[in-house]
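J.: Shown below is the structure under consideration.
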Amino acid sequence: MQELQALSPYAYGLYLLIILGGSLAAALCKNLIRAMAGLITAMLGAAGMYMMLNAPFVAMMQVLIYVGAVSVLIFFAIMLTKTPAGDSPELGSSSKIAAGLVVGVMPFVFLVSACLNYFKQQVETPPDIPVDQLGQDLLTRYALGFELISVVLFVAMAGAVILGFERRRSQ
Amino acid sequence: MINPEYYPLVRMVIFLVAMMAFVGLNALVLVYAERKIAGHVQRRPGPFHVGWHGLLQPLADAGKLMAKQLLTPWSSDKLLFWAAPLLSFLPVILLFLPIPFGETLYGLNVNLGVVLILAFSGLNVLALCLAGWASNNKYGLLGAARAVAQSVAYEIPLLISVLTVALMSGSLDLHAITVQQGAWPWQWYGVLNPLAFFIYFISILGETNRAPFDLPEGESELTAGFHTEYSGMGFGMFFLSEYANMVVVCCVASILFLGGYQGPIESGWWWFLLKVYALLFIIIWMRWTFPRVRFDQLLNINWRWLTPLALLNLVGTVIVLRLAG
Amino acid sequence: MPTSTFLLCLPELYQMALALVLFAVILANPNQRANLSWLPAAAAVNIVLAACALPLKGLLFYDAYQIDGLSQFFKLAIAAGFFITTLNAVRQPTLETDKRTDYFFLLSVSALGLMLLASTVELVSIYIALEASSYSLYAIIALRGKDRRAAEAGIKYIMFGAAATAISLYGFSYILATQHTSYISELAAKSWSFAEAPGAAIGLMLFLAGFFYKLALFPFHFWCPDVYQGSSNETAAYVATLPKLGAVVVLVRMAALLKPGLEITTLIAVFGALSMTYGNFAALAQKDLKRILGYSSVAHAGYVTLGLVSGTAQGLAASAFYIVVYLVMNLACFWVVCRLSGNGENLQLEDLGGLFKRQPFLAFVLAVSAFSLVGLPPTAGFMGKLFLITSAWNHGYNWLVIVAAVNTAISIYYYLNMVRHAYTKESPEYPIAAKPGAASAVWGGVLAAAVLFLGVLPSPVFQWALTAGKQLLP
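Chains as they are written, first to last, in the working numbering: chain A, 32 to 202; chain B, 17 to 341; chain C, 124 to 597.
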């Protein structure tokens, strides 16, 4: 598979472009649904990145959960929410936008340069972890976190119901 | 000569092309079958005039669809409007890749075949959402909303019943799951765990929006739901992907529950196709037998019956497997 | 030994059982008319359990969950804080009756998450335990009748919280990429200097950001006054106190990895100094009592860093002790605020006018807590600051100690301003309705007594903190 590996930088670049394009669309589109389409694109790109890391199971889960389920729920939420009437509020003065840009770009530049400077270039293929190994780890070393996630989900659901649910007024 | 290292890639490409042909051809067969069965269920002959017993009718339909003008509604979101049918159709072809049609007849030998199919079949509902929303049509939007609620709901028992089989076989590889089951029906997982098969079968009706769960399309109340505004091949794409999706879920059903390409006397792709088409026949038969359910009934069937039943079945399977060692 | 394992985490199990009972009550009373007066008593039982569990030690869940001096110390503090907040919130004027049980259910899950946070020693579990406590807060902050300010506060808390979490997780990925483990015990053996492990150092800093957010330390402080102001008085009392315990326990555990002079340590010290200064100066200009307390907690977050950067067991113990003192004195202060605001409205400084004549006892409790917040003897705040300053002196951050001392002087103004309003000003023309009963005076008195007790006789509690600190940094 040596020859196929030579393709991997191009695949990496492709996924990177997909992620970047998707997230830019998600951030900049005024139309919510289009922004969501951008988000989905970025998530698909992230799934591709997992493939590059030789973690196909995680990649598939990314598609299954984020693309197939979470984004669909976001879509549902957008459809059920009333769009506010009238114009959207102004973004603020240009100085505020400039300040926001500076604040947003600075960590980006800082982290990118940190990544480029301080992380070893890894060229060998990461080991292929079978799914049963993942399961074993989730139920031993990471059992506590794995179990606690259910508490978090439970609370998140309960909280959402409490905030969003209007009890039917019994006459 | 091609470098042998590229064989998997070449195999994949050839397989993809073959699958496109299969999907197209299959749609023609299914449309004919559907209309004929519908006709006979309702005591009429169905298509009869184009060709012998209407055999050429699907071809004529396809010609009509392709020749039709592509209309883009004036107030729609043009980009998403046309992205939706593509998004609906393209992943479906991908779904065929890990399916072993025969001992050596597969596109991609991947040990996560089940997960791959489950993951990418989820894209279809997204396409429906985008289609419904981008049309800027209230019927379209209602259809999309129904599609979301329905598919999110039915995905859960579907996943759990698939998980049950994965648990029984200890693998997510479709090929391995097939081989583990024997040639004879009493060795099949569908017979060993009929409840999982039953839940899976009901759930795929919900997932593929087939009657009696075809509310996203509901002709009588929503004109056609999410694809109301689509004409010509825009509609054609949705149509193709719907039938292709049906074939995929039936393929998975035949692998997980009916032993795949294995069969008595002589295993091979004929057994596989026989099982798939038998399942497809049942699905079509159900469509013309059962009336469409109401939306609250649809959700109640899932949340109150199928999901708890699937969970109980999973727990029961775990216990039985544990006791059996 | 399954029975001993069971006993090791009894306070958490009890808290979880409490949450489940509340959930059952919700399910059993669809119209939510349940009687909840038993709840503070049930919460008080957990104080006893946590006190009994103080000397326990053990490792559970494949070494991801550690029962040690630090965790038990904080669990006791959390149990006590939860008891006071339930007592405080049982008669909440702005809480709709049909959401009452839901509110306490979420509150108890949040406290449960904090208890778990005190014991987890594995980064993924730490993160998830933090989320368990935060998610319930996201929901309850917005529960203040139909108040728009509460909705705004809730949204701010969620949005900023999500951003802080994202930063935290991103940092976690750096740590995992460079150090290849998520267990603190294994991380302790690694180097955290920028020269040797730059990726890990950046990662740890980003990871800590999530906890700085909960603690409202300087660059992550901006939600604090807005959320206090927007949420109901009783909710603010909880948000201002208990989550900070959770943040500090994790920071103390992580600070045990660090030594003075490391880049991360210096950065924490800088954040601490900025946090004190900014918090105190911003508080000078506030009129709303809860905003004052909000900025005050930003300043106190800065004080806590004094102990974290010293790199000694005394320092860690001082931080742990100080945050407990902070819990008690802030609860006392919020107790007065909640009792005075009969209809659940926000209090302004002017509303305190003439409090001495109307409610002499509450005025006294307010005075004690304000003195303690400043750090005047003989209150707990003084002892807390003393421990912090002595532990940090001569460990490379003397400038931070000086900044803290100067800041204490600045803060005198606005804390004593509250006391001045209560004791010397005339009542406003329409004094806010307040009819605190005998019980509320008793509990206010208990809190004030606790503040004074920790100031006069701090050694029993501080010794526990010191033992805990020595277990981390022998």
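Yeah, the Cβ is synthetic: ideal placement off N, Cα and C, and Gly gets one too.
Hey, G353 (chain C) and A273 (chain C): beta-carbon distance below 8 Å or not?
T.: Taking the first residue of the third sequence as position 1, residue 353 (chain C) is located at position 230. Taking the first residue of the third sequence as position 1, residue 273 (chain C) is located at position 150. The answer is yes: Cβ separation under 8 Å.
J.: Can you tell which of C:S231, C:F205, C:A300 and C:D270 has its C-alpha closest to the C-alpha of A140 (chain C)?
T.: Along the third sequence, read from residue 1 onward, the residue named residue 140 (chain C) stands at position 17. Closest option to A140 (chain C), Cα to Cα, is C:S231.
J.: Could you run through the region 146-172 of chain A and flag, in chain order, every residue whose CB is less than 7 Å away from some CB of chain C?
T.: Per Cβ criterion, the list reads Y149, F150, T171 and R172.
J.: Using the Cβ count rule (16 or more neighbours within 10 Å means buried), how would you classify L337 (chain B)?
T.: By 1-based counting over the second sequence, the position of residue 337 (chain B) is 321. Its Cβ having fewer than 16 others within 10 Å, L337 (chain B) is exposed.
J.: Can you pull the DSSP bridge partners for R267 (chain C)?
T.: One-based indexing of the third sequence puts residue 267 (chain C) at position 144. Answer by DSSP bridge pairing, in chain order: C:K269.
J.: Just list the residues that DSSP pairs D411 (chain C) with in beta bridges.
T.: Working through the third sequence from its first residue, we reach residue 411 (chain C) at position 288. DSSP lists C:Q471 as partners of D411 (chain C).
J.: Closer than 8 Å, CB to CB, is K410 (chain C) near chain A or not?
T.: Residue mapping note: residue 410 (chain C) aligns to position 287 of the third sequence, counting from 1. Cβ-Cβ to chain A under 8 Å: no for K410 (chain C).
J.: Would you identify the three-state DSSP class for Y173 (chain A), choosing helix, strand or coil?
T.: On the first sequence, residue 173 (chain A) is found 142 positions in, with the first residue counted as 1. The answer is coil: DSSP assigns Y173 (chain A) none of H, G, I, E or B.
J.: Suppose you measure from the CA of L146 (chain B) to the CA of A83 (chain B); what does that come to, to the nearest Å?
T.: Indexing the second sequence from 1 puts residue 146 (chain B) at position 130. Indexing the second sequence from 1 puts residue 83 (chain B) at position 67. When rounded, the distance between both Cα atoms is 25 Å.
J.: Pull up the CB-CB distance for I172 (chain B) and T323 (chain B), whole angstroms please, since I reckon it's below 8 Å.
T.: As a first step, residue 172 (chain B) is located in the second sequence; it is residue number 156 there, counting from the start. As a first step, residue 323 (chain B) is located in the second sequence; it is residue number 307 there, counting from the start. Confirmed, about 5 Å.
J.: Tell me whether the beta-carbon of M506 (chain C) lies closer than 8 Å to the beta-carbon of L577 (chain C).
T.: Residue numbering aside, residue 506 (chain C) sits at position 383 when the third sequence is read from its first letter. Residue numbering aside, residue 577 (chain C) sits at position 454 when the third sequence is read from its first letter. For M506 (chain C) and L577 (chain C), yes; Cβs fall inside 8 Å.
J.: Quick test of your reading: G129 (chain B) and A199 (chain B), contact by CB under 8 Å. State the CB separation rounded to the nearest angstrom.
T.: The residue given as residue 129 (chain B) occupies position 113 in the second sequence. The residue given as residue 199 (chain B) occupies position 183 in the second sequence. That pair is no contact at about 21 Å.
J.: How long is the line joining the alpha carbons of F150 (chain A) and S316 (chain C), rounded to whole angstroms?
T.: For the purposes of this step, residue 150 (chain A) is taken as the residue at position 119 of the first sequence. For the purposes of this step, residue 316 (chain C) is taken as the residue at position 193 of the third sequence. Cα to Cα, F150 (chain A) sits roughly 15 Å from S316 (chain C).
J.: Name the DSSP beta bridge partners of G181 (chain C), please?
T.: As a working mapping, residue 181 (chain C) is identified with position 58 in the third sequence. C:I190, per the DSSP bridge assignment.
J.: Using DSSP with H/G/I as helix, E/B as strand and the rest coil, what is E178 (chain A)?
T.: Residue mapping note: residue 178 (chain A) aligns to position 147 of the first sequence, counting from 1. In this structure, E178 (chain A) counts as helix in the three-state DSSP scheme.
J.: Taking the straight line between their C-alpha atoms, what separation do you get for A68 (chain A) and G53 (chain A)?
T.: Position 37 of the first sequence, counting from 1, holds the residue named residue 68 (chain A). Position 22 of the first sequence, counting from 1, holds the residue named residue 53 (chain A). One C-alpha to the other measures close to 8 Å.
J.: Cα separation between T128 (chain C) and Y261 (chain C)?
T.: Along the third sequence, read from residue 1 onward, the residue named residue 128 (chain C) stands at position 5. Along the third sequence, read from residue 1 onward, the residue named residue 261 (chain C) stands at position 138. Between T128 (chain C) and Y261 (chain C), the C-alpha separation is close to 32 Å.
J.: Within the same chain, show all residues whose beta-carbon is closer than 8 Å to that of K269 (chain C), passing over the 5 residues directly before and after it, in chain order.
T.: Here residue 269 (chain C) corresponds to residue number 146 of the third sequence, with the count starting at 1. Result list for K269 (chain C): empty, nothing under 8 Å.
J.: Are L229 (chain C) and S248 (chain C) close, meaning C-beta to C-beta below 8 Å?
T.: The count along the third sequence starts at 1 and reaches residue 229 (chain C) at position 106. The count along the third sequence starts at 1 and reaches residue 248 (chain C) at position 125. Cβ atoms of L229 (chain C) and S248 (chain C): not closer than 8 Å.
J.: Secondary structure at E245 (chain C), three-state DSSP: helix, strand or coil?
T.: Numbered from its first residue, the third sequence carries residue 245 (chain C) at position 122. Looking at E245 (chain C) - three-state DSSP - the assignment turns out to be strand.
J.: Near F484 (chain C), what residues of its chain come up, given a Cβ to Cβ distance below 6 Å and the 5 sequence neighbours on each side ignored?
T.: Indexing the third sequence from 1 puts residue 484 (chain C) at position 361. Taken in chain order, the residues that qualify are A564.
J.: Expressed to the nearest angstrom, what Euclidean distance is found between the alpha-carbon atoms of P597 (chain C) and F206 (chain C)?
T.: In the third sequence, counting from the first residue as 1, residue 597 (chain C) sits at position 474. In the third sequence, counting from the first residue as 1, residue 206 (chain C) sits at position 83. Cα to Cα, the separation comes out at about 33 Å.
J.: For the region 48-66 of chain A, which residues have a beta carbon sitting closer than 9 Å to at least one beta carbon of chain B?
T.: If the cut-off is 9 Å between Cβ atoms, the region 48-66 of chain A has N62, I64 and R65 near chain B.
J.: Using 8 Å as the cut-off, can you tell me whether the region 172-181 of chain A makes contact with the region 175-194 of chain C, which would need three or more C-beta pairs spanning the two stretches below that distance?
T.: Touching, yes.
J.: Please say whether P107 (chain B) and L132 (chain B) have beta carbons closer to each other than 8 Å?
T.: Indexing the second sequence from 1 puts residue 132 (chain B) at position 116. Indexing the second sequence from 1 puts residue 107 (chain B) at position 91. No, the pair does not count as a contact, with Cβ atoms beyond the cut-off.
J.: Could you name the residues of the same chain whose beta carbon sits closer than 6 Å to that of T590 (chain C), not counting the 5 residues immediately before and after it, in chain order?
T.: The count along the third sequence starts at 1 and reaches residue 590 (chain C) at position 467. Cβ neighbours of T590 (chain C) beyond the five flanking positions: G192.
J.: Based on DSSP bridge pairs, tell me the residues matched to Y306 (chain C).
T.: Taking the third sequence and counting its residues from 1, one reaches residue 306 (chain C) at position 183. Bridge partners of Y306 (chain C): C:E245.
J.: Check each candidate in B:V207, B:C267 and B:L231 and name the one with the smallest Cα separation from Q313 (chain B).
T.: Here residue 313 (chain B) refers to the residue found at position 297 of the second sequence. Looking at the Cα atoms, B:L231 is the closest of the given residues.
J.: With C-beta atoms as the reference, is V451 (chain C) less than 8 Å away from A573 (chain C)?
T.: Translated into positions along the third sequence, residue 451 (chain C) becomes position 328. Translated into positions along the third sequence, residue 573 (chain C) becomes position 450. Closer than 8 Å, so yes.
J.: On the three-state DSSP scale, how would you describe K94 (chain B)?
T.: Position 78 of the second sequence holds residue 94 (chain B). Looking at K94 (chain B) - three-state DSSP - the assignment turns out to be helix.
J.: Check whether the Cβ atoms of L210 (chain C) and W566 (chain C) lie closer than 8 Å to each other.
T.: By 1-based counting over the third sequence, the position of residue 210 (chain C) is 87. By 1-based counting over the third sequence, the position of residue 566 (chain C) is 443. Yes.
J.: When you compare each of C:I281, C:S419, C:L340 and C:S291 to I533 (chain C) by their alpha carbons, which one comes out closest?
T.: Counting from 1 along the third sequence, the entry for residue 533 (chain C) is found at position 410. With distances taken between Cα atoms, I533 (chain C) lies closest to C:S419.
J.: For A187 (chain A), decide whether its Cβ has a neighbour in chain C, counting only Cβ atoms nearer than 8 Å.
T.: Numbered from 1 along the first sequence, position 156 holds the residue referred to as residue 187 (chain A). Chain C, which has a Cβ nearer than 8 Å to the Cβ of A187 (chain A), makes this yes.
J.: Does the distance from the CB of A323 (chain C) to the CB of L595 (chain C) come in under 8 Å?
T.: Here residue 323 (chain C) corresponds to residue number 200 of the third sequence, with the count starting at 1. Here residue 595 (chain C) corresponds to residue number 472 of the third sequence, with the count starting at 1. Their beta carbons are not under 8 Å apart, which means A323 (chain C) does not touch L595 (chain C) by this criterion.
J.: Would you say S495 (chain C) lies against chain A (beta-carbon separation less than 8 Å)?
T.: On the third sequence, residue 495 (chain C) is found 372 positions in, with the first residue counted as 1. It does not; no Cβ of chain A falls within 8 Å.
J.: Could you have a look at R376 (chain C) and say whether DSSP puts it in helix, strand or coil?
T.: The count along the third sequence starts at 1 and reaches residue 376 (chain C) at position 253. R376 (chain C) falls in the helix class under three-state DSSP.
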